[in-house]
Amino acid sequence: MDVPELEHCLFYNWLINDFIDLYLKAQNICSLVLVPSSNVTKYDYNREFVESHLFRSSPLFKGKHISLNLKYEISVEDNRTIHIYKPTTDKLIKILDQENVFDSSTQRSYIILIIDRPLNSTSTLTSPITSKSKYTFHLTTASYETAFIFLDALRPIEDLFTKLRTSLLLFIETYVILPNFIDDAVNKLNHLWINFVNEACQILNIDSSATFRKSPYVQLTTRQDIELASEIFITGNVYTKNWPAVITYTEMKDDRLSQEILKYQCKTAIRSSTAEATTGDNYTPVLAELKKLDYLKSSFEKAACIRSTLDLLLATMIQQQQQQQQSTENGVTVKYTKNQPQQPIAADDTLTSFIDLLTQSDMKNIVAHEYYTITFKFLPLPQDVDYAVTTFRASIEYLSEKKFLLNY
Amino acid sequence: MNRSLSFKVVLLGEGSVGKASFKTKKLTFDGKRVELAIWDTAGQERFRALGPLYYRDSNGAILVFDITDEDSFERVKSWTKELRRMLGNDCILCIVGNKIDLEKDRHVSMQLAEEYAKSVGAKLYHTSAKLDKGVEELFNDLAQRMLERSPGTTVGGGTANNQNRSSTGTRGGITIAQSATGQNDNGRSSGSCCS
Numbered sequence: 003m004d005v006p007e008l009e010h011c012l013f014y015n016w017l018i019n020d021f022i023d024l025y026l027k028a029q030n031i032c033s034l035v036l037v038p039s040s041n042v043t044k045y046d047y048n049r050e051f052v053e054s055h056l057f058r059s060s061p062l063f064k065g066k067h068i069s070l071n072l073k074y075e076i077s078v079e080d081n082r083t084i085h086i087y088k089p090t091t092d093k094l095i096k097i098l099d100q101e102n103v104f105d106s107s108t109q110r111s112y113i114i115l116i117i118d119r120p121l122n123s124t125s126t127l128t129s130p131i132t133s134k135s136k137y138t139f140h141l142t143t144a145s146y147e148t149a150f151i152f153l154d155a156l157r158p159i160e161d162l163f164t165k166l167r168t169s170l171l172l173f174i175e176t177y178v179i180l181p182n183f184i185d186d187a188v189n190k191l192n193h194l195w196i197n198f199v200n201e202a203c204q205i206l207n208i209d210s211s212a213t214f215r216k217s218p219y220v221q222l223t224t225r226q227d228i229e230l231a232s233e234i235f236i237t238g239n240v241y242t243k244n245w246p247a248v249i250t251y252t253e254m255k256d257d258r259l260s261q262e263i264l265k266y267q268c269k270t271a272i273r274s275s276t277a278e279a280t281t282g283d284n285y286t287p288v289l290a291e292l293k294k295l296d297y298l299k300s301s302f303e304k305a306a307c308i309r310s311t312l313d314l315l316l317a318t319m320i321q322q323q324q325q326q327q328q329s330t331e332n333g334v335t336v337k338y339t340k341n342q343p344q345q346p347i348a349a350d351d352t353l354t355s356f357i358d359l360l361t362q363s364d365m366k367n368i369v370a371h372e373y374y375t376i377t378f379k380f381l382p383l384p385q386d387v388d389y390a391v392t393t394f395r396a397s398i399e400y401l402s403e404k405k406f407l408l409n410y
Numbered sequence: 015m016n017r018s019l020s021f022k023v024v025l026l027g028e029g030s031v032g033k034a035s036f037k038t039k040k041l042t043f044d045g046k047r048v049e050l051a052i053w054d055t056a057g058q059e060r061f062r063a064l065g066p067l068y069y070r071d072s073n074g075a076i077l078v079f080d081i082t083d084e085d086s087f088e089r090v091k092s093w094t095k096e097l098r099r100m101l102g103n104d105c106i107l108c109i110v111g112n113k114i115d116l117e118k119d120r121h122v123s124m125q126l127a128e129e130y131a132k133s134v135g136a137k138l139y140h141t142s143a144k145l146d147k148g149v150e151e152l153f154n155d156l157a158q159r160m161l162e163r164s165p166g167t168t169v170g171g172g173t174a175n176n177q178n179r180s181s182t183g184t185r186g187g188i189t190i191a192q193s194a195t196g197q198n199d200n201g202r203s204s205g206s207c208c209s
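Residue numbers (the numbering used here), protein chains in the order written: chain L, 3 to 410; chain B, 15 to 209.
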């Protein structure tokens, strides 16, 4: 299940915008702030509802928490569920995410828990969680298709969206992209994007205060939703037009990279007679993930794919680390317990493995993917995605600049 | 009140000190939510030329040396020079003497480290990652210093982002119009990290 972002939770926005005194109180005295991610309606917009989700430690029982309005008494079970003691119920509330907060002014810490539904919800734990709103655009599921669906669902901007599609069609049919002038094409698309975002936000009245928004569109949709969805839609829509020019532009660099990869493979093979240390079946799913780059249309999707590749790579490295921890002595395998501290993977190891991964990928357009990802985007990438893309770029640079030929 | 600021912090130190590749840390200062995106960089000499890719637009840097290893302190000096050259004085530097649990084996004197940190406009911290000593204080102090340094909320280059994904929307000299407040509210974070 997707974990909603804190800022996308209606309850959290009420708390920080409309019930500021309670928010300050929470920072000063509370131990827990429960933020329901769904099933919150306009009928819940009242002080009592908000107070019911702000908790301070119980003065009587260790591990229990009491709501500010004394209506609820709860405990957190295994960091996964919330057990409600008062009022008596067998209902369990599921914890979706946790954020530890440290307040510098009070030198206090408290915890924000994103929960699946409000404490007063009548639904049971087994009932399905309410579906994601079609009026918000989620980073985790962002794709060309979801971007289209999201923008298409915003009825008030129907005409604007049609106009955008017409402009993109014109771009595809009439614009001539020269490989050495790709930036001009990017600027033209960027201009279309800016106009679309500004006009859409104006029509949807998105920048006004949340409390005065009337339609569900502007209650849930943020400017950032429009920005990201439209970036993905625009760059994805004209991908078939831009991609050939990118390939032409990066052809020489890609050829050079292929040659350097061959040299790297030779050097690696010489250095260690078996190159198996970094190859093998373990990397097959990681390579498969990386190769998805060939089929993704928008810059953001490609960047997200690089991020998921890095995630898979790290997971594989951790798995290998665990396997190595299982030492065999006198024929007896000693298995470490689950409590064995996990060594974090350092950037040196991550980068080395990513370089190895690229050399095993057999992909022909690695530099083209890099260039497209960093050029055809109008928004800064989220930091975690940016880190992964930077690791991808660093790996390419390491190979292209023949750094591996130097002896350190 | 509801602003979430994201700062990029690069972590420089040798590969074996137990750093994670990327992680985020969330703090609250005076009601402002602050997210530190901590970028570990490859410390090995062979990766040195790749550093600038990672340093760009950093708001802060944590340079770690081992108090029992003089060479590691020399490397911190070299990184400091490079960071100052790449990022100027906007980037807040923290020089960290790690492994204070091995005080008896100290090879880098506290006075020397203190004087050097002062000379480059950095602040010196003492930590023991092993005993989890001084680490929280380091991050809290760094976040507070970055917050003080950035009254505005523009992106990167020594100022704060409005969450991870801010909407400067600038490219080719065209600037996207901002909301009435001049910022995007309801920014969102990546929500997870890869380590």
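Just so it is clear, CB atoms sit at the ideal spot from N, CA and C, and this is done for glycine as well. Since the structure is predicted, the reported quantities are computational estimates derived from the model, not experimental observations.
Residues sharing a beta bridge with residue i, DSSP
{"i": "B/Val23", "result": "B/Ile52, B/Gly74"}
{"i": "L/Val52", "result": "Answer is none; L/Val52 lacks a bridge partner."}
{"i": "B/Phe43", "result": "B/Lys46"}
{"i": "B/Gly111", "result": "B/Phe79, B/His140"}
{"i": "L/Lys96", "result": "L/Thr83"}
{"i": "L/Tyr266", "result": "Answer is none; L/Tyr266 lacks a bridge partner."}
{"i": "L/Ser260", "result": "Partner(s): none; L/Ser260 has no beta bridge."}
{"i": "B/Asp119", "result": "Its beta-bridge partners do not exist; DSSP assigns none."}
{"i": "L/Ile68", "result": "L/Arg58, L/Glu75"}
{"i": "L/Asn102", "result": "L/Ile113"}
{"i": "L/Leu17", "result": "The partner list for L/Leu17 (beta bridge, DSSP) is empty, contrary to what the question assumes."}
{"i": "B/Lys37", "result": "B/Ile52"}
{"i": "L/Pro38", "result": "L/Ile117"}
{"i": "B/Ser18", "result": "B/Arg47"}
Contacts of residue i in chain L (Cβ-Cβ under 7 angstroms)
{"i": "B/Gly57", "result": "Asp350"}
{"i": "B/Lys22", "result": "Gln385"}
Interface partners of residue i on chain B, CB under 9 angstroms
{"i": "L/Tyr400", "result": "Arg60, Phe61, Ala63, Leu64"}
Cβ separation of residue i and residue j, assumed to be a contact under 8 angstroms, to the nearest whole Å
{"i": "L/Asn284", "j": "L/Thr318", "result": "5 angstroms"}
{"i": "L/Leu259", "j": "L/Val288", "result": "With a Cβ gap of about 19 angstroms, L/Leu259 and L/Val288 do not count as contacting."}
{"i": "L/Val37", "j": "L/Ile114", "result": "6 angstroms"}
{"i": "L/Val78", "j": "L/Leu56", "result": "About 15 angstroms separates the two Cβ atoms, so there is no contact after all."}
{"i": "B/Phe43", "j": "B/Asp54", "result": "Wrong, their Cβ atoms sit about 24 angstroms apart, outside the cutoff."}
{"i": "L/Lys88", "j": "L/Glu75", "result": "4 angstroms"}
{"i": "B/Ala51", "j": "L/Gln385", "result": "4 angstroms"}
{"i": "B/Cys105", "j": "B/Leu97", "result": "6 angstroms"}
{"i": "L/Asp350", "j": "B/Ala56", "result": "4 angstroms"}
{"i": "L/Ser39", "j": "L/Cys11", "result": "5 angstroms"}
{"i": "L/Leu353", "j": "L/Thr393", "result": "6 angstroms"}
Within chain B, partners of residue i - CB distance below 8 angstroms
{"i": "L/Ala396", "result": "Ala56, Phe61, Leu64, Leu67, Tyr68"}
Proximal residues of chain L, C-beta to C-beta of residue i below 8 angstroms
{"i": "B/Thr141", "result": "Neighbours of B/Thr141 on chain L: none; closest Cβ ~16 angstroms, over 8 angstroms."}
Per-residue contacts from residue i into chain L (C-beta, under 9 angstroms)
{"i": "B/Gln41", "result": "The amino acid at residue 41 of chain B is misidentified as Gln; the sequence shows Leu. Correct list: Asn102, Val103, Phe104, Asp105, Ser106."}
Proximal chain B residues relative to residue i, where beta-carbon distance stays under 7 angstroms
{"i": "L/Thr392", "result": "Leu67, Tyr68"}
- [ ] Please determine if the region 80-94 of chain B and the region 387-397 of chain L are in contact, where contact requires at least 3 C-beta pairs separated by less than 8 angstroms.
- [x] no
Task: Contacting positions in the region 98-112 of chain L - beta carbon closer than 8 angstroms to chain B - done: Taken in chain order, the members of the region 98-112 of chain L whose beta-carbon sits within less than 8 angstroms of a beta-carbon on chain B are Asp99, Glu101, Asn102, Val103, Phe104, Asp105, Ser106, Ser107.
TODO: Flag this pair as touching only if the region 20-28 of chain B and the region 392-404 of chain L have three or more C-beta atom pairs under 8 angstroms; answer yes or no.
DONE: With a cut-off of 8 angstroms, the region 392-404 of chain L and the region 20-28 of chain B do not count as touching, because too few Cβ pairs lie within range.
Task: Proximal residues, the region 347-374 of chain L versus chain B, C-beta separation under 9 angstroms - done: Ile347, Ala348, Ala349, Asp350, Asp351, Thr352, Leu353, Thr354
Open item on the list: With three or more C-beta pairs closer than 8 angstroms as the rule, is the region 145-163 of chain L touching the region 231-246 of chain L?
Closed with: yes
Open item on the list: Three or more C-beta pairs under 8 angstroms: does that hold for the region 167-177 of chain L against the region 246-257 of chain L?
Closed with: no
Task: Any 3 or more C-beta pairs closer than 8 angstroms across the region 4-24 of chain L and the region 41-56 of chain L - done: yes
- [ ] With 7 angstroms as the limit, tell me which residues of the region 148-166 of chain B have their beta carbon closer than that to any beta carbon of chain L; keep them in chain order.
- [x] Asn154, Gln158
- [ ] Count the C-beta pairs between the region 98-114 of chain B and the region 141-148 of chain B that are closer than 8 angstroms, then say yes if the count reaches three, no if not.
- [x] Short answer: they touch.
Open item on the list: Closer than 8 angstroms is the cut-off here; do at least three beta carbon pairs connect the region 98-112 of chain L with the region 64-73 of chain L?
Closed with: no
Task: Inter-stretch contact (C-beta, 8 angstroms, three-pair minimum) for the region 376-387 of chain L and the region 294-314 of chain L - done: yes
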